[in-house]
Each structure stands twice: as structure tokens, then as C-alpha cells.
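Below is one structure, written out as C-alpha cells; comments come after it.
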Amino acid sequence: TTSQPTAEQAQVTNGSQEETGQATATNSGESGTEATQDTSQVAQVAEEGPAVDPNLPSSVGMIQIPGNAYSVGVLTADRDHAAAQQVDLESFWLDQYETTNAQYAEFLADTGGTHPESWIGGNIPADQESFPVMGVTWDEAAAYCAWAKKRLPTEAEWEVAARGSEGRLFPWGDNFRAVELPRSGTYKVGGKATNQSPFGVFDMAG
-16 TTSQPTAEQA QVTNGSQEET GQATATNSGE SGTEATQDTS QVAQVAEEGP
34 AVDPNLPSSV GMIQIPGNAY SVGVLTADRD HAAAQQVDLE SFWLDQYETT
84 NAQYAEFLAD TGGTHPESWI GGNIPADQES FPVMGVTWDE AAAYCAWAKK
134 RLPTEAEWEV AARGSEGRLF PWGDNFRAVE LPRSGTYKVG GKATNQSPFG
184 VFDMAG
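For the sequence shown, our numbering assigns the number -16 to the initial residue and increments by one for each residue that follows.
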């Protein structure tokens, strides 16, 4: 494990899409292993909650995704979905929760960046300090991650963290559940206990 993380998960909503961008902390000393991880191991990770790596001071509040060989993509590829393939990933760390408005405001206060357009007068919307920040560009999300000594995850890292070793269609399983979708706008970070991935990462879809 490196003494400084090359990435950690900082979930930032990209533009008007209710998807979050997360950053990861790669453990460069652990290479991908053969696909021997079973679902009981994944369940144990989710149940125990985030661990803390003493060699990664900023790993607090993060989930470690084990290095392994994972299947990503779908069997029937189309314009929006890549074809199924196997990827070998090193172990990495991902924030358990999305980046909140309050966390992003701290970054802006420290760096003098531009606030999202939805922040009228540069202020967080009323009573939404714990809601996910929205209207952030890719470059702004990357800058936030760098400020937090993190980076955005790769597409494969994000997909694996969301779908788990079983390759679920959704973080919560293979069946679409409309109840996981917000009725209007967003909801409080971590507000839906059922909307977490097999690894225990919250709000990666919906």
C-alpha cells in the first residue's frame, strides 16, 4: 500500500444527470488476483462497513474494493453499453457516500472555485448541506478530488464497485425498483439504506 493514495472516492454529481463521480485510492502493492472471491466475502465487506488503512491517512469513510478479476459490460452490447469483458483490477478505496454540498463548499472556500449555478448567491440551497452536490463539471470534480488528495475512478472501477463480483444489473440486484428513484430532485446522501452496492457503497444508481 502506498503512503499516499492515488485515488479515493469522491462522489460528485455531474451536471444535471443524477449520477455521481467517485474517486478511488489504489493500493499499488496489491495486484489483481484470480476470480476466487465469493459472495459471502462481499457480504461481509458490506456488513462490516468501511475499514481504515493506517497507511492511507485519508481512507476514513471509504470502502476498500478487493483486487480481483471482474466481469464488466453486458452480453448484448449497444450504443450505451459496452460488450462484456474481463478486467483485472488492483485493490482500491472508494468513498462510501457521495460528496455533499457542505464538503464541496469547503473545497470552494479553500480554493476560490466557482460555485454551482443552483447555489443562488453562492449559498448552498436551504437545508441541503447533506445533499449531493450537483451541476459540477468533470474538470471541477477532478479538481475537488485532487484537493482532497484523491482522484476520480476509472469506468471499470466504478462499474465493479456498483455491481460487485456477481455483476448485478443494479447495485441492489438484478431487478429494477422504481422506489429507488427520487421523486423530485435528489435526496439526502445515504438516505436510502437499500440503495447500496454489494460492497456497501451508497447511491451509485437511482
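Every residue gets a Cβ at the ideal spot worked out from N, C-alpha and C, and that includes glycine. Predicted model only: the values in this text are computed from it and were never measured.
Inset, instruction - Would you mind giving the Cβ-Cβ distance between glutamine 86 and isoleucine 46, rounded to the nearest angstrom? I have them listed as a contact below 8 Å. - result: In fact, because the Cβ distance is near 17 Å, the residues do not count as touching under 8 Å.
Legend entry - Contact check, glutamate 140 vs leucine 72, beta carbons under 8 Å: yes
Inset, instruction - Round the Cβ separation of alanine 145 and methionine 187 to the nearest angstrom and send it over; I've been treating them as touching at under 8 Å. - result: 4 Å
Inset, instruction - Closer than 6 Å by C-beta to glycine 173: which residues in its own chain qualify, once you throw out the five before and the five after it? Chain order, please. - result: Tyr80, Phe185
Inset, instruction - Tell me whether glutamate 81 sits in a helix, a strand or coil according to DSSP, three-state version. - result: strand
Inset, instruction - Sort Thr177, Tyr127, Lys175 by Cα distance to glycine 96 and report the nearest one. - result: Tyr127
Inset, instruction - Determine the contact status of glycine 147 and proline 181, defining contact as a CB-CB distance below 8 Å. - result: yes
Legend entry - proline 49 to leucine 135 span [Cα, whole Å]: Distance from the CA atom of proline 49 to the CA atom of leucine 135, rounded to whole angstroms, is 18 Å.
Legend entry - Whole-angstrom C-beta distance between proline 115 and threonine 83, which should lie under 8 Å: 6 Å
Inset, instruction - Within 10 angstroms of the Cβ of alanine 66, are there 16 or more other Cβ atoms? Answer buried if so, exposed if not. - result: exposed
Inset, instruction - Counting only the same chain and skipping the five closest in sequence on each side, list residues whose C-beta sits under 8 Å from that of alanine 125. - result: Annotation for alanine 125: Arg134, Leu135 place their beta carbon closer than 8 Å to its own, counting only its chain and skipping 5 residues before and after.
Inset, instruction - Let me know the secondary structure DSSP gives glycine 105 once reduced to three states. - result: helix
Legend entry - Straight-line Cα distance separating glycine 168 from threonine 177: Taking C-alpha positions only, threonine 177 is separated from glycine 168 by approximately 18 Å.
Legend entry - Per-residue DSSP class, three states only, for phenylalanine 114: coil
Inset, instruction - For leucine 77, count neighbouring Cβ atoms within 10 angstroms of its own Cβ and tell me buried if that reaches 16, exposed if not. - result: buried
Legend entry - Neighbourhood of phenylalanine 159 by C-beta, 6 Å cutoff - its chain only, sequence neighbours within 5 removed: Cβ neighbours of phenylalanine 159 beyond the five flanking positions: none.
Legend entry - Same chain, Cβ closer than 6 Å to glycine 56, five either side skipped, listed in chain order: Ala65, Ala66, Ala67, Gln68
Legend entry - Three-state secondary structure assigned by DSSP to alanine 188: In the structure shown, alanine 188 falls within a coil segment according to DSSP collapsed to helix, strand and coil.
Legend entry - Any chain D beta carbon closer than 8 Å to valine 119: In summary, chain D is missing from the structure at hand, where a single protein chain is found.
Legend entry - phenylalanine 182 (DSSP reduced to helix, strand or coil): coil
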